[in-house]
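Remarks on the structure that follows.
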């Protein structure tokens, strides 16, 4: 080999580049999810399962007790006829004194059964059975003569008394009825003594009045003299 050929081969050997490096092999991803993504493993036999989440039960209101059945009062045909006759007077007195007209009807039924000439052994007179002294006091308040047997006066005077008693006892109907049948002095003494149970006779009177109020309302009272007889 000549010197020139040897020099040429050496030059070519020096200019040769290194072969390209191969890319690192790709790392294969596991087909199964990573621990962060994987669902929790089922508990082993030694580990009890977690209790299931139970939503709290909604609050349920207690079932109210049914009201006892209403038993209306019994009115004879004569009482119904007399009651219809005085309804214009009852309606006027209710307007004048700010009362439920059937409260007036209920008092009349309990006190006189709608008999304008009624009088009891204690001296109470008229439709609403006012004592003479009470009738005179109401007459002065109404600026008119005391005529206890006059239906219009009796209804107006009795309604005025009821209105006064309701105002005196802050609208408490039971106390007002207590005072109507026994006197407001008796009620004041009962309250001052701190008693809690009314006399049985008063309780019975209050119950009769309330039953009568509901009965007259159911019959369509008050109204004109042609109000339904029920």
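Numbering (this note's numbering), first residue to last: 13 to 242.
Where is the CB? At the ideal position from N, CA and C, for every residue including glycine.
Start and end residues, alpha helix (DSSP H) containing residue i
{"i": "residue 265", "result": "Lying outside 13 to 242, the shown extent of the chain, residue 265 is not represented and no answer is given."}
{"i": "residue 83", "result": "Where residue 83 is concerned, there is no enclosing alpha helix (DSSP H), given that its DSSP letter is neither H nor E."}
{"i": "residue 227", "result": "212-231"}
For residue j and residue i, the rounded distance between their alpha carbons
{"i": "residue 239", "j": "residue 124", "result": "Model confidence at residue 239 stands at a pLDDT of 39, short of 50, so the residue's coordinates are unreliable; what they give is reported in the following sentence. Cα to Cα, residue 239 sits roughly 20 Å from residue 124."}
{"i": "residue 98", "j": "residue 163", "result": "8 Å"}
{"i": "residue 156", "j": "residue 109", "result": "16 Å"}
{"i": "residue 96", "j": "residue 88", "result": "12 Å"}
{"i": "residue 75", "j": "residue 208", "result": "29 Å"}
{"i": "residue 200", "j": "residue 182", "result": "13 Å"}
Minimum C-alpha distance to residue i - residue among the options
{"i": "residue 142", "options": "108, 172, 212", "result": "172"}
{"i": "residue 132", "options": "219, 197, 208, 193", "result": "193"}
{"i": "residue 189", "options": "75, 138, 120", "result": "120"}
{"i": "residue 216", "options": "229, 196, 186, 201", "result": "186"}
{"i": "residue 184", "options": "91, 111, 90", "result": "111"}
{"i": "residue 130", "options": "148, 105, 181, 94", "result": "94"}
Inter-residue CB distance, residue i and residue j (contact presumed, cutoff 8 Å)
{"i": "residue 226", "j": "residue 82", "result": "6 Å"}
{"i": "residue 117", "j": "residue 224", "result": "7 Å"}
{"i": "residue 114", "j": "residue 233", "result": "6 Å"}
{"i": "residue 150", "j": "residue 167", "result": "At roughly 11 Å, the Cβ-Cβ gap does not stay under 8 Å, so residue 150 and residue 167 are not in contact."}
{"i": "residue 138", "j": "residue 160", "result": "4 Å"}
{"i": "residue 154", "j": "residue 169", "result": "7 Å"}
{"i": "residue 147", "j": "residue 158", "result": "5 Å"}
{"i": "residue 177", "j": "residue 196", "result": "6 Å"}
### Query
Which ranges does the alpha helix (DSSP H) cover as unbroken runs of at least 4 residues, wholly within the stretch 85-160, from first to last along the chain?
Runs of the alpha helix (DSSP H) spanning 4 or more residues and lying entirely within the stretch 85-160 occur at 89-97, 99-109, 113-124, 144-154, in chain order.
### Task
Quick one: which unbroken alpha helix (DSSP H) runs of 4-plus residues sit fully inside the stretch 167-204? Chain order, please.
185-194, 196-204
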